[in-house]
Amino acid sequence: MRRSRPEKWSDYLPIAYPAAMLTAFFVVPFGIMVAVSFFERVQGGFYQPAFTLSNYARFLSVFFGEVLVFSLALAGAVSAICLIVGVPFTYRLTRLARRYQVAWLIVLLGVLSLSEVIIGFAWSTLLSRTAGLSNLFVAIGLMESPQAWSPGLGAVLTGLVYQAFPYTVLVLYPSFSRLNPALMEAARTLGASPLRGFLTVVLPAVRRTLVATFIIVFIFALGAYLLPQILGRPRHWTLSVLVTDQAIYQSNMPFAAAMAVFLVLASLLLVALAQLADRKEPAL
Amino acid sequence: MTWLGRAFFAALALFLALPIVVIAGVALNARKTLTFPPQGLSAEWYLSVFVDPDWRAALMHSVVIAALAAAISVSIAVPLAWFLWRRIAPWARIVQVIGVAPFILPPVITALGALTFWATAGAYGQSWTVVISHGIFFVSLPLVTVSLGFATIDREILEAGTTMGANDRILFRTVILPMIRPYIVSGFAFAFVLSLNEYIVAYMTVGFTLETIPIKIFNALRYGYTPTMAAVSVLFVGVAVMVFGLVARFGDLPKLLGAWSKGEGQ
Chain A
1 MRRSRPEKWS
11 DYLPIAYPAA
21 MLTAFFVVPF
31 GIMVAVSFFE
41 RVQGGFYQPA
51 FTLSNYARFL
61 SVFFGEVLVF
71 SLALAGAVSA
81 ICLIVGVPFT
91 YRLTRLARRY
101 QVAWLIVLLG
111 VLSLSEVIIG
121 FAWSTLLSRT
131 AGLSNLFVAI
141 GLMESPQAWS
151 PGLGAVLTGL
161 VYQAFPYTVL
171 VLYPSFSRLN
181 PALMEAARTL
191 GASPLRGFLT
201 VVLPAVRRTL
211 VATFIIVFIF
221 ALGAYLLPQI
231 LGRPRHWTLS
241 VLVTDQAIYQ
251 SNMPFAAAMA
261 VFLVLASLLL
271 VALAQLADRK
281 EPAL
Chain B
1 MTWLGRAFFA
11 ALALFLALPI
21 VVIAGVALNA
31 RKTLTFPPQG
41 LSAEWYLSVF
51 VDPDWRAALM
61 HSVVIAALAA
71 AISVSIAVPL
81 AWFLWRRIAP
91 WARIVQVIGV
101 APFILPPVIT
111 ALGALTFWAT
121 AGAYGQSWTV
131 VISHGIFFVS
141 LPLVTVSLGF
151 ATIDREILEA
161 GTTMGANDRI
171 LFRTVILPMI
181 RPYIVSGFAF
191 AFVLSLNEYI
201 VAYMTVGFTL
211 ETIPIKIFNA
221 LRYGYTPTMA
231 AVSVLFVGVA
241 VMVFGLVARF
251 GDLPKLLGAW
261 SKGEGQ
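Just so you know, the sequences run in chain order A and B. Just so you know, we're using the working numbering here: the first sequence kicks off at 1 and counts up by one. Just so you know, we're using the working numbering here: the second sequence kicks off at 1 and counts up by one.
What follows is the structure, encoded as structure tokens:
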């Protein structure tokens, strides 16, 4: 069956319902959120219609600037760590026998689907004084007494990397599994060591994918809304945590909405950059 | 693989498994404490997930919401993927992008959009709102798998069906649906597991009126730890691994995740 242009009105039927649902329950909510970002907050209540830029003006404060810089730096660090570990891992993974690949993919999907609540809870337990790793280190004589490593920046970073690592591998997986094995074989035949072959032949061949993956994982890390709150102190809160906090606990919907709009714009900009970077790799 | 490679894989396996092992152990404590290694052994906390009325109710909520939401996701994704595959209509790409957007953008955005929307519509806190919002949130998963399913269909087969007088409706029922069914099932499975674990959209839509498992764990985290929250977390890990294991058993997991099978591409 060749693809054809829709002609009769009934040809449009299949897309009518998906388009209606997505419009009603994603586009409209999104529009309302944008509208609310210009509304005024009402003390003790929700908000009232108005047109004010004061919610956006709050971005100019030192506090907001600090949160923004911290969020971006944290997401950048998480994305960098995930790529440094994930790239050699994924390359090796795609070279494994199929059944080992499948087993790893199941585990990675399992971790990826875990709720941020569960990841946060598990790591806060693991890094706690009463039930944590430090007890193990004390038992084998590496440490004098158990210590609490959470809350802290290290704990936030660990939790975020734990969450983003499976995502990184799954984003890299298609390009690496499609990579022509002849590339590495040729490099080896010409006398390159495996490491040298990987660094000078394989990586340059997928460099666009690497840049795109960095950005995609960056956005993913930027979206973490709970881990900085569970594993960190208030000074480790990111933009996403702040949006939740303003919306739920400070009941300042207009300001939360304004920050969310900002987050959308930042993400869209990054997605556009990723698309630009991920134009087709030169044919290999 | 060299020993260095093995050590690297083993270290990562340990990193991924360690938090799960610790909470699995913590949930075995005989008394109501979260210590590791556990003091005394008891299966009481694992059982309490099903016995304790509050936890059981939360579990039921989560499972029902996830099943209904995944069904909505699939019901949106299948006709959309079909239209994109069947028709030449560049504007339809916009609908596709909107379907994928909630998954790419930071989740708080979808959550806050849902909150303001349901509040404006006067339905804030109603339990069905989270079903619809989750259904929309996870459309991208079946959309990706089902589109992949359509891509595997040889258009010649359908050409043959058309020459023999079948219309689109008959072709869809007798040829296309059987061929894309595994992809629909995997899409449903992905959406189901992710909805089960989803916190922020659920919290911002029904957080104050209804408890799902992630909401209940978060509340326990704030207002009083109990080993049950560790037990239920382990249970959820088990469910995720089991579902993805089944998908791998009956489908082609590497292909679903974007690898080409032998002989294709290249």
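Each residue gets a CB set at the ideal place from its N, CA and C atoms; glycine is no exception. On a predicted model such as this, the values are computed, not experimentally measured, just so you know.
- Check whether residue 2 of chain A and residue 88 of chain B have beta carbons under 7 Å apart: Their beta carbons are not under 7 Å apart, which means residue 2 of chain A does not touch residue 88 of chain B by this criterion.
- Any idea what DSSP makes of residue 248 of chain B, helix, strand or coil? DSSP places residue 248 of chain B in the helix class (H, G or I) of the three-state scheme.
- The alpha helix (DSSP H) enclosing residue 236 of chain A, as first and last residue numbers: For residue 236 of chain A, no alpha helix (DSSP H) run applies, since DSSP gives it neither H nor E.
- Item | the region 247 to 261 of chain A in contact with the region 175 to 187 of chain A per 3-pair CB rule at 8 Å | Between the region 247 to 261 of chain A and the region 175 to 187 of chain A there are fewer than three inter-stretch CB-CB distances shorter than 8 Å, so the stretches are not counted as touching.
- Message: Please classify residue 8 of chain A as buried or exposed, where buried requires at least 16 other C-beta atoms within 10 Å of its C-beta.
- Response: Exposed is the call here.
- Task: Alpha carbon to alpha carbon, how far is residue 170 of chain A from residue 235 of chain B? Give it in angstroms, no decimals.
- Result: Their Cα atoms are separated by approximately 24 Å.
- Query: Of all Cβ atoms in chain B, is any one closer than 7 Å to the Cβ of residue 196 of chain A?
  - Reply: By this cut-off, residue 196 of chain A is not an interface position.
- Answer yes or no: do residue 51 of chain A and residue 38 of chain A have a C-beta to C-beta separation smaller than 7 Å? In contact: residue 51 of chain A and residue 38 of chain A (Cβ atoms closer than 7 Å).
- alpha helix (DSSP H) segments (min. 4 residues) lying fully within the region 62 to 147 of chain A: Entirely contained in the region 62 to 147 of chain A, the alpha helix (DSSP H) runs reaching 4 residues are, in chain order, 62 to 94, 98 to 112, 116 to 126, 133 to 139.
- Under 7 Å between C-beta atoms of residue 251 of chain A and residue 214 of chain B: Not a contact, by the Cβ cut-off of 7 Å.
- Mapping DSSP to helix, strand and coil, what is residue 156 of chain B? Residue state, collapsed to three classes: helix.
- Task: Report the residues of the region 48 to 62 of chain B with a CB closer than 7 Å to any CB of chain A, ordered along the chain.
- Result: Answer set for the region 48 to 62 of chain B: empty.
- Message: Please list, in chain order, the chain B residues whose beta carbon lies closer than 7 Å to that of residue 204 of chain A.
- Response: Against chain B, the beta carbon of residue 204 of chain A has no neighbour under 7 Å; the closest one sits roughly 19 Å away.
- Query: Roughly how many angstroms separate the alpha carbons of residue 84 of chain B and residue 275 of chain A, rounded to a whole number?
  - Reply: Taking the CA atoms as reference points, residue 84 of chain B sits about 21 Å from residue 275 of chain A.
- Query: Would you call the CB atoms of residue 191 of chain B and residue 73 of chain B closer than 7 Å?
  - Reply: By the CB criterion at 7 Å, residue 191 of chain B and residue 73 of chain B fall inside the cutoff.
- Considering only residues of the region 182 to 267 of chain A, which uninterrupted alpha helix (DSSP H) runs meet the minimum length of 4 residues and lie entirely inside it, listed in chain order? Segments of the alpha helix (DSSP H) lying fully in the region 182 to 267 of chain A: 182 to 189, 194 to 197, 207 to 222, 227 to 231, 239 to 244.
- Query: Under 7 Å between C-beta atoms, does residue 165 of chain B make it to chain A?
  - Reply: So, not an interface residue.
- Item | DSSP beta-bridge partners of residue 40 of chain A | According to DSSP, which records beta bridges pairwise, residue 40 of chain A is partnered with A:48.
- Query: With which residues is residue 87 of chain B paired in a DSSP beta bridge?
  - Reply: Secondary-structure assignment with DSSP links residue 87 of chain B through a beta bridge to A:4.
- Sorted by chain position, which residues of the same chain lie with C-beta nearer than 7 Å to residue 82 of chain A's C-beta, five sequence neighbours on each side aside? Result list for residue 82 of chain A: 161, 164, 165, 168, 217, in chain order.
- Query: Where residue 212 of chain B and residue 194 of chain A are concerned, what is the direct C-alpha to C-alpha distance, given to the nearest angstrom?
  - Reply: The alpha-carbon of residue 212 of chain B is positioned some 49 Å away from that of residue 194 of chain A.
- Would you call the region 239 to 250 of chain A and the region 18 to 32 of chain A touching, i.e. three or more CB-CB distances under 8 Å? The region 239 to 250 of chain A is not in contact with the region 18 to 32 of chain A.
- Task: Could you please give me the residues that DSSP links to residue 41 of chain B through a beta bridge?
- Result: Beta-bridge partners of residue 41 of chain B (DSSP): B:29.
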